[in-house]
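**Student:** Numbering (this note's numbering), first residue to last: 40 to 206.
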């Protein structure tokens with residue numbers, strides 16, 4: 040197996056790639072090559088693909104479906120569980136600056152035992168396909184069955200307080 044070794048030429052601002060056999064490269068260096076940083080656009084592409092093509096599974100023990108009530112800043116969100124409990128959840132670093140959740144969205148969270156204020160971490164943001172899957176498997180919480188839409192998702196005619204009948 041050939042590994043491409045990155046050599047920096049300090050006399051010039053150039054980078055040279057030279058092929059090296061794996062046996063001549065230290066093991067620690069090989070691990071570093073396999074964990075090179077990816078660009079933010081590549082990371083975002085992988086996060087979107089993971090959310091879209093994630094395998095649909097019924098929530099396991101310790102996981103639950105919750106509704107986002109409000110964003111608290113610093114990647115923290117206020118959520119409401121199926122039992123009516125309101126608590127804070129954190130957005131994992133892989134979703135930050137890539138995925139946004141708004142009030143009324145549903146997320147799958149996993150409880151963290153050491154959480155004092157933050158009680159859970161978001162595993163995935165649920166799409167309409169996820170919600171349909173959970174309803175078909177009868178694991179969707181009854182509390183969320185009612186069609187309650189957030190204010191931002193309601194049509195403009197519902198938000199207006201005046202009507203033409205009052206005149």
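In this text, a Cβ means the ideal position worked out from N, Cα and C, and glycines have one as well. As the structure is a prediction and not an experimental result, all values here were calculated from the model.
Give the DSSP-derived three-state secondary structure of residue 151 in the structure shown.
**Tutor:** coil
**Student:** Enumerate in chain order the residues of its own chain whose CB-to-CB distance from residue 109 is below 8 Å, with the five nearest sequence positions on each side excluded.
**Tutor:** 116, 117, 142
**Student:** Quick check: what's the CA-CA separation for residue 159 versus residue 79?
**Tutor:** Going by the C-alpha atoms only, they are around 26 Å apart.
**Student:** What did DSSP end up calling residue 167 once you bin it into helix, strand or coil?
**Tutor:** Look at residue 167 here: in three-state DSSP terms it is helix.
**Student:** State buried or exposed for residue 77, treating a residue as buried only when at least 16 other CB atoms are found within 10 Å of its CB.
**Tutor:** Around the CB of residue 77, fewer than 16 other CB atoms lie within 10 Å, so the residue is classed as exposed.
**Student:** Sort 97, 105, 126, 113 by Cα distance to residue 155 and report the nearest one.
**Tutor:** 126
**Student:** Exposed or buried, residue 96, counting other C-beta atoms within 10 Å across all chains shown (16 or more means buried)?
**Tutor:** Looking at its Cβ environment, which holds fewer than 16 other Cβ atoms inside 10 Å, residue 96 is exposed.
**Student:** Is the distance from the Cβ of residue 135 to the Cβ of residue 113 below 8 Å?
**Tutor:** no
**Student:** Beta-carbon within less than 6 Å of residue 173's beta-carbon, same chain only, minus the 5 sequence neighbours each way: which residues are those?
**Tutor:** 179
**Student:** Could you pull the DSSP bridge partners for residue 78 from this structure?
**Tutor:** DSSP, once it has assigned bridges, lists no residue as partnering residue 78.
**Student:** Could you tell me which residues DSSP pairs with residue 105 in its beta bridges?
**Tutor:** 146
**Student:** Where does residue 174 fall in DSSP's three states?
**Tutor:** helix
**Student:** Could you pull the DSSP bridge partners for residue 112 from this structure?
**Tutor:** 115
**Student:** What is the rounded straight-line gap between the Cα of residue 98 and the Cα of residue 111?
**Tutor:** Those two C-alpha atoms are separated by around 25 Å.
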